[in-house]
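**Student:** Below you will find the structure I want to go over with you.
Residue numbers (our numbering): 4 to 376.
Following this line, the structure appears as structure tokens:
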């Protein structure tokens, strides 16, 4: 039996029904989906460029949740009254296949309000050089970040190095070319193709250590860059971060997000742990969520705090369960936990006590968790 008390709360991200206003085919295997935001939800869906939305649907009889980055500038979102996400079809991907093949204008999707820390505030008086390095569908948050910079920092310039397999697989190619035309002196686009030979050898191949170091030596010396935005497969992001760290680039200006974290190109999900419902608790988590405090018995320390919490509180937020999206972020107020993996929280967030509940296990016999902090 769980004990529930009530206290004042702050508003957190929740699901709302949004109507699909437009579906744009980007490539043979990728679509952009625009969603109309009713006037009463405009404030709740006001996002920071780089943040993501979680989509929830029942597919094949099971609830599926996936997080997709907002891929629209702040100005366009406000003027259109829309948010927009995009997805490339993933082999055996349930949600990505459904969004690519089935969803159409007029459909209603369950969408969580924006989350995520892959952000960087703009300054209309700034004179900066912003550099984005993206691969594949990693362009989605970077597109929003860089377009917003171009619109809101008129004295800043932007360089985007964008890795893909072939020209016909480049998401948002028309929009990127339009940005070049709109900001000819401020936006530089470099397409790097791994399966299509280009005139410039540097622009052919994958964005690996050697190629990135050559870019630094020729196009983008690290001491001439103010902000970095990295998004794409784990290996690429970690390689670029490592090279920049070796060159003493301040990590506070290297913003990153990953989409894939294993060799197969998909997040490694936390395996479910079989727990007997009548087993005696080995630990207790006291969880505050939406102002209600619930005592959650942990019947195995191999069980994640999220998994145990969902038994008592099915409304607990989560999405990827792979330590990538950050939807299940909460603060450890008391006690000690062990976090298996973290690809969503910044070091300063971890230092302040935040953890991903989908990856966290109790170390002490009692822990106190606050989603509202």
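Where is the CB? At the ideal position from N, CA and C, for every residue including glycine. Just so you know, these numbers come straight off a predicted model, no measurement behind them.
DSSP state of residue 237, grouped into three classes?
**Tutor:** Position 234 of the chain shown holds residue 237. In the three-state scheme derived from DSSP, where H, G and I count as helix and E and B as strand, residue 237 is classed as helix.
**Student:** Which one of 18, 331 and 29 has the shortest CA to CA distance from residue 172?
**Tutor:** Numbered from its first residue, the chain shown carries residue 172 at position 169. The option with the nearest alpha carbon to residue 172 is 29.
**Student:** So who's on the other strand from residue 201, going by DSSP bridges?
**Tutor:** Working through the chain shown from its first residue, we reach residue 201 at position 198. Looking at the DSSP assignment, residue 201 forms no beta bridge with any residue, so it has no partner.
**Student:** Applying the criterion that 16 or more other CB atoms from any shown protein chain within 10 Å of the CB defines a buried residue, is residue 282 buried or exposed?
**Tutor:** For the purposes of this step, residue 282 is taken as the residue at position 279 of the chain shown. That one is exposed.
**Student:** Where does residue 320 land, buried or exposed, given buried means 16+ other C-beta within 10 angstroms?
**Tutor:** Mapped onto the chain shown, residue 320 falls at position 317. Residue 320 counts as buried, since at least 16 other C-beta atoms from the protein chains shown sit within 10 angstroms of its C-beta.
**Student:** Assuming residue 210 contacts residue 237 (C-beta within less than 8 Å), just tell me the rounded distance between them.
**Tutor:** As a position in the chain shown, residue 210 is number 207, starting the count at 1. As a position in the chain shown, residue 237 is number 234, starting the count at 1. Not quite, the Cβ-Cβ distance comes to about 13 Å (not below 8 Å), so this is no contact.
**Student:** Return the chain-ordered list of same chain residues with a C-beta closer than 6 Å to the C-beta of residue 145, the five sequence neighbours on each side being excluded.
**Tutor:** Position 142 of the chain shown, counted from the first residue, corresponds to residue 145. So the qualifying residues of the chain are 135, 137, 232 and 234.
**Student:** Quick one: any contact between the region 323-335 and the region 71-81, if contact means 3 or more CB pairs under 8 Å?
**Tutor:** no
**Student:** Using three-state DSSP, classify residue 345 as helix, strand or coil.
**Tutor:** Here residue 345 is taken as the residue at index 342 of the chain shown, counted from 1. Looking at residue 345 - three-state DSSP - the assignment turns out to be coil, as it is neither helix nor strand.
**Student:** In terms of residue numbering, what span does the alpha helix (DSSP H) encompassing residue 79 cover?
**Tutor:** Residue 79 sits at position 76 when you count from the first residue of the chain shown. First-last of the alpha helix (DSSP H) with residue 79: 77-83.
**Student:** The beta strand (DSSP E) spanning residue 164 covers which residue range?
**Tutor:** In the chain shown, counting from the first residue as 1, residue 164 sits at position 161. Segment 160-167, the beta strand (DSSP E) holding residue 164.
**Student:** Say whether the region 149-164 touches the region 366-376, bearing in mind that this needs 3 or more beta-carbon pairs closer than 8 Å, one atom from each stretch.
**Tutor:** no
**Student:** Along the chain, where does the beta strand (DSSP E) that runs through residue 36 open and close?
**Tutor:** Taking the first residue of the chain shown as position 1, residue 36 is located at position 33. Element bounds for residue 36: 33-39.
**Student:** With DSSP as the reference, label residue 310 as helix, strand or coil.
**Tutor:** Indexing the chain shown from 1 puts residue 310 at position 307. The answer is helix: DSSP assigns residue 310 an H, G or I state.
**Student:** Can you name, in chain order, every residue of its own chain whose Cβ lies under 6 Å from the Cβ of residue 206, other than the five neighbours on each side?
**Tutor:** As a first step, residue 206 is located in the chain shown; it is residue number 203 there, counting from the start. Close CB contacts of residue 206 within its chain, under the 6 Å cut and outside five residues either way in sequence, are with 195 (chain order).
**Student:** Can you give me the Cβ contacts of residue 373 inside the same chain, cut-off strictly under 7 Å, excluding the 5 residues immediately before and after it?
**Tutor:** What you label residue 373 is simply residue 370 of the chain shown in a count that begins at 1. Cβ within range, chain order: 291, 333, 334 and 336.
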